[in-house]
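The structure appears right after this line, and notes come after that.
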Amino acid sequence: MPFSATHNDLSGRFGIDTSLSAFRVWLIAGSFVSAGLIPSLIYGVLLGQWGTNLVWGSVYGLGWCLAAYFANVRGIAALLAFLWSGFAVPALLYVASGWLWNTCGEHTKRWAMILLFVSLAADIPAEAISWIDQQVIHLPDLMLHITTMY
C-alpha cells in the first residue's frame, strides 16, 4: 500500500506508513494537479468559475512573476513561466522530498505528510483569489496569471 495511516496500540499514537517514492508522488503530482486543475474542476462544477490552491498555486505561479519581471517580451515570459512550472518546481520538489525523507525522523515525516495534505486542501474559487489580489496582497498565483495573462 503506498500510503496508510496506522494506529499503534502501545503508545496510542497514529503513525504514517509510507515510502519515499509514495511521498514524492504525493508531493510532486499532488501539488501539480492541486495548483489549478483540481480546484478548477471543483469550482467549475460548483460555481462556474476557475479555482486555485493558495499554497501550490503560489509556488507554481512564482515563476510567472519572476519571468514577467525579468523578461520584457510576453512570449518569452510565458515560456519561462511554463518551464518553471513544468520542470523547475517538480525537480526542486523531487530533491527536497529526498532530503526531507532521508534527514528527518518519523515525527517530522508525520508532520510533513500532515502539512502536505492540509496544503493540498487549501483551494479557493476565482472570485476569492481575485479579491485577495485586488484588496489585500498580490499572490504569485499560477491560475490568476494564466487567466489574466499578466
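Numbering (this note's numbering), first residue to last: -18 to 131. C-beta atoms are modelled at their ideal positions from N, C-alpha and C, and glycine is treated no differently.
Alpha carbon of Phe68 to alpha carbon of Gly38, nearest angstrom: 15 angstroms
Where the alpha helix (DSSP H) through Ile118 begins and ends: It is not in any alpha helix (DSSP H) - Ile118 carries neither H nor E in the DSSP assignment.
Complete alpha helix (DSSP H) runs within the region 11 to 42 (minimum length 4 residues, chain order): 18 to 27
Neighbourhood of Ile75 by C-beta distance below 7 angstroms, restricted to the same chain and skipping five residues each side: The sequence shown places Tyr at residue 75, rather than the Ile named in the question. Taken in chain order, the residues that qualify are Arg5 and Ile9.
Span separating the alpha-carbon of Pro121 from that of Cys85: 30 angstroms
Residues of its chain near Glu108, where Cβ-Cβ distance is below 7 angstroms and the 5 sequence neighbours each way are ignored: Gln30
Ile105, enclosing beta strand (DSSP E) - first and last residue: Asp104 to Pro106
Segment limits, alpha helix (DSSP H) that includes Asn83: Val70 to Thr84
Integer-rounded CB distance, given that Ile105 should sit under 8 angstroms from Leu35: 6 angstroms
CA-to-CA distance, Gly44 to Phe63, given in whole angstroms: 8 angstroms
Span of the alpha helix (DSSP H), counted from its first residue to its last, around Trp65: No alpha helix (DSSP H) contains Trp65, which DSSP labels as neither H nor E.
Coil, strand or helix - Gly0 by DSSP: The question names Gly, yet the displayed sequence has Ser at residue 0. Of the three classes helix, strand and coil, the one that applies to Ser0 here is coil, per DSSP.
8 angstroms contact criterion, which Gly17 and Leu123 should meet: CB distance rounded: 6 angstroms
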